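Take a look at the structure set out below.
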Amino acid sequence: MTSQVSEAATEAVAPAPSSRTGRIRRFVDPIVFAIFFVLAWQGFIWVTGFHSVVLPPPSKVWGVLWNQGDFLVGNMLDTAVTIAWGFFLGGVMGFVSGVLINHFEAVKRAIHPILVSLYVIPKAVFIPLLILWWGVGFEYKLLVTVLLAFFPVTENTITGLNGVEQEMVELTRSLRGSNWFGFRKVSLPFALPFVLAGLRIALTESFIGGVLSEVLVPGSAGIGSRIVEAAAFSNTEFIIASIMVIASFGIVSYFLFLWLERRLTFWV
Amino acid sequence: MGIERTLASGSASRLEKAGRRLWYHWPLLAVLVGILLFWIFMIEWRDFHPIVLPPPASVVEALIENRVEYVEAGFVTFYEMILGFMAGGLLGFSSAIGIFYSPFLRRSLYPLLLGFRIVPKVAFVPLFLVWFGIGVGVKVALASFAIFFLILIQTGLGLAGVDPALVELGRSLRMSEFALLRRIRLPAALPAIMVGVKLGITYALTNVVVAEMVVATEGLGFLVVEARSFIKTHEMIAAIFVVAIIGLVVFAVGLWVERKTVFWYMESDT
Chain A
29 MTSQVSEAAT
39 EAVAPAPSSR
49 TGRIRRFVDP
59 IVFAIFFVLA
69 WQGFIWVTGF
79 HSVVLPPPSK
89 VWGVLWNQGD
99 FLVGNMLDTA
109 VTIAWGFFLG
119 GVMGFVSGVL
129 INHFEAVKRA
139 IHPILVSLYV
149 IPKAVFIPLL
159 ILWWGVGFEY
169 KLLVTVLLAF
179 FPVTENTITG
189 LNGVEQEMVE
199 LTRSLRGSNW
209 FGFRKVSLPF
219 ALPFVLAGLR
229 IALTESFIGG
239 VLSEVLVPGS
249 AGIGSRIVEA
259 AAFSNTEFII
269 ASIMVIASFG
279 IVSYFLFLWL
289 ERRLTFWV
Chain B
608 MGIERTLASG
618 SASRLEKAGR
628 RLWYHWPLLA
638 VLVGILLFWI
648 FMIEWRDFHP
658 IVLPPPASVV
668 EALIENRVEY
678 VEAGFVTFYE
688 MILGFMAGGL
698 LGFSSAIGIF
708 YSPFLRRSLY
718 PLLLGFRIVP
728 KVAFVPLFLV
738 WFGIGVGVKV
748 ALASFAIFFL
758 ILIQTGLGLA
768 GVDPALVELG
778 RSLRMSEFAL
788 LRRIRLPAAL
798 PAIMVGVKLG
808 ITYALTNVVV
818 AEMVVATEGL
828 GFLVVEARSF
838 IKTHEMIAAI
848 FVVAIIGLVV
858 FAVGLWVERK
868 TVFWYMESDT
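So the protein sequences, as listed, match chains A and B.
Those letters in the first sequence? Residues 29 to 296, by my numbering.
Those letters in the second sequence? Residues 608 to 877, by my numbering.
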């Protein structure tokens, strides 16, 4: 239900071009658009005369990026640690849970509805509770990130394993005489694209988890806290610069993961 | 298991069917009861202070006592959610159509869309706070912003996935571009768009609640944070519970809408 469709979407919308001009333009167009956007931004300020606090001009944002670059990146790396660990742990736990749920009917009937419900409700509401029980340190942030990253992987693992043709599994089982073999050679490879798609969603969710846990606890390490603190000082250019840093990290990690995904499922 | 059920339920009365469905879900009920028992057990065993882990009874008490407050806050949250969803949805939908017809925009926005999508929308709350001040505006803005990207991408996906044969058929009938869009492309894109709607309603709620937690003035998210600042944990858990229920209801509505509009499209895993 909460399917992996939306993630696959962005590839379909802008398919990889085949011609050489197409490939060059794929690189050049975003840059052209970005230049155009910055100019429009500056023009917009000139036309509407918004005060620099409300909408800082590109020059100021660039100033923050240039002068406080290492500060920004340092904090982003702190957040990245949380994100990475949460993604890894959440992914593993999600996968294992997905396999268990799929394999044991009783577990599925018992746990799956709970998991789906948790997937669907705003998990951010649990954060004050988590802060109460685990304080405001790395543990709490890790928990939040795992909480957010866990469910997409579980859901997609279940969907992937469900789709395996039973005949194939039974054939391999009868040939080898063990369930494990069938699982390893048939179910897993078939489910792998789904699991990886789920992990891709989990990556986005891990980012959200990492930053969200920091936003609600200003004063701790990480870029989310810095953003909230900057808001208290109406330091809008810092906020925009931080968003750009997060976006860059996000794009890089997303494409890295996409590359990894393609390498692992080259046969699809 | 499934086949026996289908065969057996052929001639059962409604009561029998309801009973059978209840029976089917017994592991779930057992787990829920187990969680409740575990909760009580933890309090007894570790002797938690009611501030850390309040007994279920006090949570229920808080629920009943503050029910008016929850309903009021619920209305505010719901109103913000609907506004955000409609604004973001309409903008995303029209932008997607615009982007579809412009290859330049499509190529240039693709990586930017990805980047913006992976940035947690929370990070924008302080920005929107500066722009819209404290109040309904921030939350609606955040929800619209989040929904905008979702609907944009989903509509784009839908439009990109239209069967070319259908488009060719339309062209052979000398349909105008607009008619092509209206009668062939959009209906074909509808399943993907509806997935976006279904996910979007839940997503709007999540973002509104998060915004309410940060910009604490009104709404259900605010109630959670407020209870925390008063260190009334039982009220906090009660508020969380209300949000959870609303989340489920909203998702059910989204599912229903999707089913009603694209009943002709067989989705295997819904």
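Cβ atoms here follow ideal geometry from the backbone N, Cα and C, with glycine treated the same way.
Note that this is a predicted model, so its numbers are computed, not measured.
Among the options, which residue has its Cα nearest to the Cα of residue i?
i, options, result
"B/L773", "B/A730, B/A795, B/I853, B/F755", "B/A795"
"A/F235", "A/E198, A/G114, A/S248", "A/G114"
"B/L788", "B/A823, B/Y708, B/V804, B/V860", "B/Y708"
"B/I853", "B/G681, B/M649, B/M782", "B/G681"
"A/V60", "B/A823, B/F731, B/L719", "B/L719"
"A/L100", "A/F285, A/R291, A/T293, A/I274", "A/I274"
"A/W94", "A/E265, A/V148, A/E195", "A/E265"
"B/T684", "B/W863, B/L830, B/A834, B/F837", "B/L830"
"A/E233", "A/L286, A/G118, A/E198", "A/G118"
"A/V82", "B/I650, B/L734, B/M649", "B/L734"
"B/L797", "B/K624, B/V822, B/F870, B/E784", "B/F870"
"A/F179", "A/M121, A/W287, A/S80, A/T110", "A/M121"
"A/I142", "B/K805, B/E865, B/V638", "B/V638"
"B/E819", "B/G807, B/V737, B/I741, B/L697", "B/I741"
"A/A134", "B/E687, B/V743, B/V659, B/W633", "B/W633"
"B/L701", "B/L776, B/I800, B/Y717", "Here residue 701 of chain B turns out to be Ser, not Leu, going by the sequence shown. Closest option to B/S701, Cα to Cα, is B/I800."
"B/Y717", "B/I706, B/I791, B/P727", "B/I706"
"B/I838", "B/L660, B/Y631, B/D654", "B/L660"
"B/L721", "B/V743, B/F711, B/F756, B/L780", "B/F756"
"B/H656", "A/N263, A/W161, A/I63, A/G91", "A/W161"
"A/G97", "A/E289, A/R254, A/A269, A/F166", "A/A269"
"B/F692", "B/G803, B/G826, B/T840, B/H841", "B/G803"
"B/L827", "B/I754, B/V864, B/V743", "B/V743"
"B/R866", "B/S836, B/K805, B/A845, B/V857", "B/K805"
Give the range of the alpha helix (DSSP H) segment to which residue i is assigned.
i, result
"A/Q194", "194-204"
"A/V92", "86-95"
"A/F294", "Counting along the chain, A/F294 falls outside any alpha helix (DSSP H), and DSSP gives it neither H nor E."
"B/I650", "633-653"
"B/P727", "Counting along the chain, B/P727 falls outside any alpha helix (DSSP H), and DSSP gives it neither H nor E."
"A/P180", "166-190"
"B/A664", "663-672"
"A/G250", "From DSSP, A/G250 is part of no alpha helix (DSSP H); its letter is neither H nor E."
"B/I808", "793-821"
"A/F218", "216-243"
"B/M843", "840-868"
"A/S80", "Unbroken run through A/S80: none, as it is neither H nor E."
"B/G765", "743-767"
"A/Y147", "133-148"
"B/A834", "827-836"
"A/W161", "155-162"
"B/F785", "784-787"
"B/V774", "771-779"
State the CB to CB distance for the pair residue i and residue j, rounded to an integer number of angstroms; the pair is presumed to be in contact (CB under 8 Å).
i, j, result
"B/I847", "A/V153", "5 Å"
"A/P84", "A/V66", "About 12 Å; that fails the 8 Å criterion."
"B/L749", "B/F731", "6 Å"
"A/T182", "A/S125", "5 Å"
"B/I758", "B/G695", "7 Å"
"B/M843", "B/A834", "4 Å"
"B/V816", "A/P150", "4 Å"
"A/T107", "A/G247", "The Cβ separation is near 14 Å, so there is no contact."
"B/V822", "B/V729", "That pair is no contact at about 11 Å."
Review point. If you pair each beta-carbon of the stretch 186-194 of chain A with each one of the stretch 212-228 of chain A, do three or more pairs fall below 8 Å?
Key: yes
Review point. With a cut-off of 8 Å, do at least 3 Cβ pairs link the stretch 642-655 of chain B to the stretch 803-816 of chain B?
Key: no
Practice item. For the stretch 274-283 of chain A and the stretch 203-220 of chain A, state whether three or more C-beta atom pairs, one from each stretch, are separated by less than 8 Å. Key: no
Exercise for review: Mind the definition here: the stretch 235-250 of chain A touches the stretch 102-111 of chain A only if three or more C-beta pairs lie below 8 Å; say whether that holds.
Suggested key: yes
Exercise for review: Taking 8 Å as the threshold, find out whether the stretch 852-866 of chain B comes into contact with the stretch 762-770 of chain B through three or more Cβ pairs.
Suggested key: no
**Study point:** Touch test, the stretch 134-145 of chain A against the stretch 194-204 of chain A, Cβ-Cβ under 8 Å, three pairs minimum
**Key:** no
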